[in-house]
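Before any comments, here is the structure.
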Amino acid sequence: MKKKRNIGRKKIDIYQKSFSFTHRYNKEKFAFERLKSLKNNFALKINNRLILSAIVFSSLFLAVTIKMIEINLLYTEKGNYFVENVKTKRGNILDRNNASLTANLLTSHISVNPKAVYDKKKFISKVSAINNRFSSIDLDKLVSEKKFFWLDRNVEPSELQKYIDLGETGIEFRDAYKRKYLHSELFSHLVGKVDIDNTGVSGLEKSFDKFLQNEENNDLILSLDTRIQHIVRDEILAAMKLYKATGGSGLIMNVNNGEILAMTSLPDFDPNTKKANDNNKFNKNTLGVYEFGSVMKIFTAAMGIEEKIFQPNTKYEIENHIYIGKHRVEDVHRPCELKMCSVEEIFVESSNIGTIKMIRDIGKELQQDYLSQLGLLRQVNIGIPEKAIPIVPDPWRTVNTETISYGYGLSVSPLHLAVATSAVVNGGYLIQPSLTKLGDDKRYKNQIFSEETSEIMRYLLSQVVAKGTAKEAFNKDADKAYTEDGKFKYLVGGKTGTSHKIDKKSYTREKLTTFISVLPIHKPKYVVLISLDDPKGINREYGEPYNTWNWSDAGWNAARVSRQIIDRVSPILDIKARYVPNENMLINTSL
């Protein structure tokens, strides 16, 4: 029997997957697998990028952290911005009480390295807008030369920020110290000043330059007292105004050890400023030399007494005039009413005629010898470079001997005069003047006069104040100003000096008035020297203070200034300058 054929039908094996079924199954599967694969790949890439970003940002953060630590803890200025470390500070200068006279202000020097300038036009435009020292043309020329140059120096922080804010390459900053003088003009001639590089160029700044620049930061302690310096300057300024003087000078020195407590020269200058008049920078006390007039009679009297050529009671005949060569010399007033006057009267009333007769007995050789021993013929040693050499006659004729005896023909500085006078009153010992603090010990070099001569000279100087050419300043005028009963006296001795100034080869009508005083006169500790340049007389109503009745000699001005200074400094110096006679205070003399 034949099997039936299933025409048109295909037997389906249930165990066999059809093509369409298989195809449909694989497509979905493949799509799913592909989607899954894409998701996995995307996630992998994201993870890789996140990891990479984390590494990058972590590295940057680490670098910034390290740099911040370096800047804050380990940084030393030596990069391209600040190109040099801070220089060693200059030591300060202090007065005897450790009050600072100087200070160091941190500033910056600004320079330009033209080779580092990126945009020259932009650089010049920005810099010229804040810098007045250079024009745009000057800057263009300097930058074009490709050489280092200073843009500004000693720039203070407020101005420095302006340059920093420019943000220009090529600008370099160097730290520096600018010297500041805290009292402006007060110590200008003594302390001096430094230049732009902080190097001393005058005064103590120059003399002690190496000491002050030492890395140990040494401070220099002076003998000067700021309080006393203020008083001396204040009184001389007032006197210049009152007497219409063109200048003045003053100093106070310890007669036993040479310490200078005050020294002022007017007019003066402010060392903090760049410009100063040459006349203002001139130190009259140490650099100026002058013919001082009658104060030189101190040495004429002292050498004659020391050599026992005369004594205070020795008498000389005083005529109305005397001749030195062809020149006629007269006295302003007679030293006494009689024809014969004593050495004391000649000295106290400052007789030129009597002094000439005294020096004629002393002679040229002795005069030269004593003036040389007193240091009046050579440069005085002091701690500043501004020092004068006396103008000494050459050849030294008889006429020079006679004119020098009363203050003409030998030009010395005020410091010379103070040192020599100290030797006359301190027991006869020459001292070495000093601007640095030494201590209380006496610093005598060699003895020129005996104690006996020194005692006699102290007496003579006291009589000048009591009844001589300085009596108007220390007695009558002082009584009106300070007491009601007018009974106190001064423990001060001194000598007036009035000289005419010389112009080329002839003397003028202009005067130099000087008063040198010693206090306390019975036991000298200090010498006070005051000079006024061409003071004028004052003519006011009778009885008004400071009336000079048109007199312009030293007893009417320089002596008054000295008294006012003595009144103010005595409490500071802890000395008694005045006394009431009923206190039974006795000034011991050999007379």
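Numbering (this note's numbering), first residue to last: 2 to 592.
Using N, Cα and C, we set each Cβ at its ideal position, and we do this for glycine too.
Exercise for review: Can you say whether I165 is buried or exposed, counting buried as having 16 or more other CB atoms within 10 angstroms of its CB?
Suggested key: With fewer than 16 other beta carbons inside 10 angstroms of its own, I165 counts as exposed.
Point to revise | Backbone secondary structure at A177 - three-state DSSP | key: A177: strand per DSSP, three-state reduction.
Review point. With distances taken from CA atoms, which of N427, I52 and E387 is nearest K194?
Key: Nearest C-alpha to K194: E387.
Review point. Measuring CA to CA, which of A389, I347 and E403 is closest to S318?
Key: In the sequence as presented, Ser is not what sits at residue 318; that position holds Glu. Of the listed residues, the one whose Cα sits closest to E318 is I347.
Point to revise | Cβ neighbours of E473 in the same chain (closer than 7 Å, five flanking residues each side left out) | key: Excluding its 5 nearest sequence neighbours in each direction, E473 has C-beta neighbours in its own chain below 7 Å: G556 and W557, listed in chain order.
Check your understanding: Just reading off the beta strand (DSSP E) that V511 is part of, what are its end residues?
Key -> Residue identity check: residue 511 is Glu in the sequence provided, not Val. S507 to L520 is the span of the beta strand (DSSP E), which, as asked, contains E511.
Point to revise | For I390, the nearest candidate out of L492, D370 and L416 (CA to CA) | key: Cα-wise, what sits closest to I390 is L416.
Point to revise | Cα-Cα separation, H190 to K276 | key: Computed Cα separation, rounded: 15 Å.
Exercise for review: Could you pull out every unbroken beta strand (DSSP E) segment of at least 3 residues lying fully inside the region 312-369, listed in chain order?
Suggested key: Runs of the beta strand (DSSP E) inside the region 312-369: 316-318, 322-325, 328-331 and 341-343.
Check your understanding: Under 8 Å between the Cβ atoms of S414 and V528?
Key -> No, these two residues do not count as a Cβ contact at 8 Å.
Exercise for review: Identify, in the order they occur along the chain, each residue of the same chain with its Cβ nearer than 8 Å to the Cβ of N273, setting aside the five sequence neighbours on each side.
Suggested key: So the qualifying residues of the chain are K181, Y182 and S185.
Review point. Does DSSP put L574 in a helix, a strand or coil?
Key: When DSSP states are grouped into helix, strand and coil, L574 belongs to the helix group.
**Study point:** Environment of Q162 [buried if 16+ CB atoms lie within 10 Å]
**Key:** Exposed, by the Cβ-count rule.
Review point. How many Å lie between V128 and A559 at the Cα?
Key: Distance between the alpha carbons of V128 and A559 is about 56 Å.
Exercise for review: Report, in whole angstroms, the separation of the C-beta atoms of L375 and L431, which I expect to be a contact under 8 Å.
Suggested key: With a Cβ gap of about 7 Å, L375 and L431 count as contacting.
Review point. Buried or exposed: where does D279 fall if 16 or more other Cβ atoms within 10 Å of its Cβ makes it buried?
Key: The residue is exposed, with fewer than 16 neighbouring Cβ atoms inside 10 Å.
Review point. Taking buried to mean at least 16 other C-beta atoms within 10 Å of its own C-beta, is D332 buried or exposed?
Key: With 16 or more Cβ atoms within 10 Å of its Cβ, D332 is classed as buried.
Point to revise | Best match in D120, I360, F149 and S112 for proximity to N155 [C-alpha to C-alpha] | key: Nearest option by C-alpha distance: S112.
Review point. To which residues does DSSP link M264 through a beta bridge?
Key: Per DSSP, L252.
Point to revise | I325 beta carbon less than 8 Å from that of E236 | key: At a Cβ-Cβ threshold of 8 Å, E236 and I325 do not count as neighbours.
Point to revise | Inter-residue Cα distance where the pair is S60 and M69 | key: For S60 and M69, the distance between alpha carbons rounds to 14 Å.
Point to revise | Alpha-carbon spacing of N447 relative to S563, whole angstroms | key: One C-alpha to the other measures close to 29 Å.
Practice item. Check each candidate in L187, S463 and L152 and name the one with the smallest Cα separation from D96. Key: Nearest option by C-alpha distance: L187.
Point to revise | Buried versus exposed call for F62 [16 or more other C-beta atoms within 10 Å across all chains shown] | key: By the neighbour-count rule (16 or more Cβ atoms within 10 Å), F62 is not buried but exposed.
Practice item. Specify whether the region 205-218 and the region 246-263 touch according to this definition: at least 3 beta carbon pairs, one from each stretch, less than 8 Å apart. Key: Under the 8 Å Cβ criterion, the region 205-218 does not count as touching the region 246-263, having fewer than three qualifying pairs.
Review point. Does the beta-carbon distance from T515 to G294 come in below 8 Å?
Key: Yes, Cβ-Cβ distance for T515 and G294 is below 8 Å.
Review point. In the DSSP assignment, what residue or residues form a beta bridge with V529?
Key: In the DSSP assignment, the residues bridged to V529 are I253 and S518.
Practice item. Quick one: give me the first and last residue of the alpha helix (DSSP H) that G305 is part of. Key: That run of the alpha helix (DSSP H) goes K298 to E307.
Exercise for review: Just confirm the distance between the C-beta atoms of P536 and A246, as a whole number of angstroms; I'd bet it's less than 8 Å.
Suggested key: Indeed they touch by this definition, with Cβ atoms about 4 Å apart.
Point to revise | Residue range of the beta strand (DSSP E) that includes T497 | key: Counting along the chain, the unbroken beta strand (DSSP E) around T497 starts and ends at G494 to D504.
Review point. Going by DSSP, what residues sit across from I232 in a beta bridge?
Key: DSSP lists no bridge partner for I232.
Check your understanding: Whose CA, out of Q230, I573 and F212, lies closest to the CA of I94?
Key -> Ranking Q230, I573 and F212 by Cα distance to I94 puts F212 first.
Check your understanding: Given that a residue counts as buried once 16 or more other Cβ atoms are within 10 Å of its Cβ, and exposed if not, what is K179?
Key -> Counting C-beta atoms within 10 angstroms of its own C-beta, K179 has 16 or more neighbours from the protein chains shown and is therefore classed as buried.
Review point. What residue ranges within the region 80-165 form continuous alpha helix (DSSP H) runs of no fewer than 4 residues, ordered along the chain?
Key: If one requires a minimum length of 4 residues, the alpha helix (DSSP H) runs lying completely within the region 80-165 are 121-129 and 137-145, in chain order.
Review point. So, is K285 buried or exposed, given that buried needs 16 or more other C-beta atoms within 10 angstroms?
Key: With 16 or more Cβ atoms within 10 Å of its Cβ, K285 is classed as buried.
Exercise for review: Within 10 angstroms of the Cβ of E345, are there 16 or more other Cβ atoms? Answer buried if so, exposed if not.
Suggested key: With a 10 Å radius around the Cβ and a threshold of 16 neighbouring Cβ atoms, E345 comes out buried.
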